[in-house]
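Written out below as structure tokens is the structure these notes cover.
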Amino acid sequence: MSAAPPKAVFTKPQNGNGAALPVSKLGKAIRVDGELETDGELHIQGVVTGRINAGTLVIAGDGYVEGDVVAREVRVDGRLNGRVFAVNVTLAKSANVTGRVFHNSVTVEQGARIDARMPWRPPSYFETLDQLPETKS
Amino acid sequence: MSVFNRTDAKPNETTPATTVPPPGTPSPYSATPEVKKPQAVVQPIASGAPASTGGVSVISKALKITGQLESTEDIRIDGEVNGDVRAVSVTVGNNARVKGNVYGDTVELAGTVEGKIEAKKVVLGGTARMTGDVVHADIKIESGAFIDGHLKPDFGKSATKTNGAGHA
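Protein sequences, first through last, are from chains F and B. Under my numbering, residue 144 is the last one in the first sequence; the count climbs by one each step, no gaps. Under my numbering, residue 1590 is the last one in the second sequence; the count climbs by one each step, no gaps.
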């Protein structure tokens, strides 16, 4: 499979069985540099630098992500520095977010530390998100 | 009428002062020289995730990683990794695929690796497909394993090998 088809940046829920996919977990001691791609769920407790495409992304309390995140659903308990493109975003009270959060629906719990722009976008924006926009950091 | 009732003496402001001075000198009555115990400050790790499997990382079959992975604990790969993997124990599952080098103390392979394996203990299962060299100190190969490469029992003998393993 060398000739990869042009992949959609935003992974749509294909026939709605995303929940059946196994959960990937990157433990506390891990450090990943690069690109992560899954239609399923991804839990990050370690450090990830790079780009993440996921169905559901959870950045746990110890987790740290630096880079762009594209997902249907994002929950941040840990730290995030970069851009998020997600329909549903939850920033928990222990979250520490810097950057931009493109969302259709967002929840911010009291106590979250956020230094970010949080632009709202219609759902169609995320479905047609084939190329991440350039934004000035 | 002010919204914030400023006349109220804030009890919070006074409390820190009272808590700060610890009984600095040990009481003269206590004969035993009391070792100051560092007070164990138990900070609950406030992560909502259930502590299911410790620090073990699982790259499930739906996940594809392009880049490097490094862990001081174990990694289980059921998906696809394009890049190098370093961990204490690396397990490459049945339908998993790693394109890159795998370093560890223990490497268990049931899937595909295209690259090098450097580990103290290497287990190639019956479904393993290994394209590349294996540097090991102790190896087990089950019937059915495919190997295209050299097996070198050199692990830990010379640090010349790209200082890869990193586990002295």
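Positions of the beta carbon are idealized from the N, C-alpha and C atoms, including for glycine.
Cβ of residue i within 8 Å of any chain F Cβ
i	result
T1488/B	yes
A1484/B	yes
I1569/B	no
S1479/B	yes
G1533/B	no
G1526/B	no
T1513/B	no
G1537/B	no
E1495/B	yes
E1530/B	no
G1522/B	no
L1573/B	no
G1505/B	yes
L1491/B	yes
DSSP state of residue i mapped onto helix, strand, coil
i	result
F1577/B	coil
S131/F	helix
N1516/B	coil
G70/F	coil
L1546/B	strand
K1538/B	coil
T114/F	strand
D1570/B	strand
N60/F	strand
T1494/B	coil
N88/F	strand
M125/F	coil
K100/F	coil
T142/F	coil
V1510/B	coil
G1526/B	strand
A1559/B	strand
D137/F	coil
G1554/B	coil
A93/F	strand
G1505/B	coil
G1533/B	coil
A119/F	coil
Identified DSSP bridge partners for residue i
i	result
S31/F	L49/F
V1480/B	K32/F and R1498/B
E1564/B	DSSP output for E1564/B lists no bridge partner at all.
R38/F	V54/F and E1492/B
R107/F	R90/F and R124/F
R82/F	V65/F and T97/F
Any C-beta of chain B under 8 Å from that of residue i
i	result
E134/F	no
R86/F	no
L139/F	no
R38/F	yes
D46/F	yes
L64/F	no
G41/F	yes
V77/F	no
S131/F	no
V30/F	yes
G34/F	yes
R128/F	no
G118/F	no
L98/F	no
G89/F	no
G145/F	The structure shown has nothing for residue 145/F, since chain F only spans 8 to 144.
Residues that residue i contacts on chain A, provided the C-beta gap is smaller than 8 Å
i	result
V104/F	The displayed structure is made up of protein chains F and B, and chain A is not among them.
#### Entry: Stretch-stretch touch, CB-based, cutoff 8 Å, three pairs: the segment 65–83 of chain F with the segment 1514–1534 of chain B
no
#### Entry: Stretch-stretch touch, CB-based, cutoff 8 Å, three pairs: the segment 1489–1505 of chain B with the segment 59–68 of chain F
no
### Query
If we count Cβ pairs, one from each stretch, closer than 8 Å, do we get three or more for the segment 1504–1524 of chain B versus the segment 53–62 of chain F?
no
### Query
Would you say the segment 26–41 of chain F touches the segment 87–105 of chain F, given that touching needs at least three Cβ pairs under 8 Å?
no
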